[in-house]
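Heads up: the structure comes next, in structure tokens.
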Amino acid sequence: LKDATSAAFSLSFFSLVFSITAFSSSYWCEGTRKVAKPFCTEQNKGDHCIRFNSPDANNSNAVQYIWETGDDKFVDRKFHAGIWYSCEEIINGEGEKCRSFVSLAPAADRGVLWLSIVAELLYNILLLTGVVLMSVEMCCYHSVIDGLKINAFSAVVTILAGLLGMVAHMMYTTVFQMTVNLGPEDWRPHTWDYGWSFCLAWASFACCMAAAVTTINKYTKTILEFKHKRKTLERSLKIKYKFPDHAAPEKYSFEKAAKIIGNLEGCRHHTTHQCNSLYIFLTTVSERVRKI
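Everything in the sequence shown is counted per my numbering, starting at 1 for the first residue and increasing by one.
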């Protein structure tokens, strides 16, 4: 069970790291934009500008012969976009030009984009809550019952986080596709594909759901072990402790139960899984014997 707890904690931690990295980056989608080449100047010369043979470049009335035709007049400018920003490279220069992705999205879809942002924030908060609960369960709670309570709560939180993350990722994907079709003319990409941030976001979702399944599996396994051990102990006690004096079963059963519980008082303060389980089961059996 400790291995299952460690595995669930590790998966939740990786999910949180992946999600925060993807949420703060701007590489959810990458591609190129086809833009017209600028005219070549004395400072700017190369393949990314339009060459002409006019001796008087500053005279607007001079006839200029442009050699580039068709697609040669255009250049592919790389861009990448995320939840917060969309950046594209500067031709014949260094650096990037970035714009807010919220301002690029169509007005009709900005509400969906804000819902996606809120869902991503809640997803990260729930993931952080799950990681904290699992770390508390591993480090602070040695009692099996208290650990089960924390385990159940962390499982619910992790499942809710996974559902929110899935919805948030799908909403952003929808908004981006609408922005590609209906966004500003000076931004619409010529070709695009999903980037590493998008893959990292879905990897975070996969780790989150794996952590939830591991946590639920551990909780279910512990409960089933409790039930099985309780039935086994009840059956063994019924066989072992028969009433020798049928005239006074209440006194005998009470004394036997008290003796068993008394012998386990020292075990009550131990932190082992078997000791806690045995104490709980024998306490339940003694209560039932008292009612006989």
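No residue lacks a Cβ here, since even glycine has one placed at the ideal position from N, Cα and C.
- Looking only at 191, 139 and 124, the smallest Cα-Cα distance to residue 169 is reached by 124.
- With respect to residue 212, residue 159 sits close: the two C-beta atoms are nearer than 7 Å.
- For the pair residue 138 and residue 228, the Cα-to-Cα distance works out to about 24 Å.
- For residue 77, the secondary structure class from DSSP, reduced to helix, strand or coil, is strand.
- Take the alpha-carbon of residue 106 and the one of residue 29: they are about 17 Å apart.
- Around the C-beta of residue 83, 16 or more other C-beta atoms lie within 10 Å, and the residue is accordingly described as buried.
- Boundaries of the beta strand (DSSP E) harbouring residue 194: 191 to 194, taken from the DSSP string.
- Taking 3 residues as the minimum length, the stretch 130 to 154 contains no beta strand (DSSP E) run wholly inside it.
- Sorting 130, 171, 87 and 146 by C-alpha distance to the C-alpha of residue 116 places 171 at the top.
- By the Cβ neighbour-count rule, residue 207 is buried, with 16 or more other Cβ atoms within 10 Å of its own.
- The stretch 129 to 137 and the stretch 185 to 202 do not touch, with fewer than three beta-carbon pairs separated by less than 8 Å.
- For residue 26, there is no enclosing beta strand (DSSP E), as DSSP marks it with neither H nor E.
- Distance from residue 201 to residue 19 at the Cβ level is roughly 7 Å; contact confirmed, criterion being Cβ atoms closer than 8 Å.
- Residue 108 is classed as exposed because its beta carbon has fewer than 16 other beta carbons within 10 Å across all chains shown.
- With a threshold of 16 other beta carbon atoms within 10 Å, residue 111 falls short and is exposed.
- Secondary-structure assignment with DSSP links residue 33 through a beta bridge to 77.
- Rounded to the nearest whole angstrom, the CA to CA distance from residue 78 to residue 85 is 14 Å.
- A distance of 7 Å or more separates the beta carbons of residue 113 and residue 183.
- For residue 10, the closest alpha carbon among the candidates 224, 215 and 185 is that of 215.
- Here residue 230 carries a helix assignment [DSSP, helix/strand/coil].
- In the three-state reduction of the DSSP assignment, residue 99 falls in the strand class.
- Shown here, residue 88 sits in a strand according to DSSP, grouped into three states.
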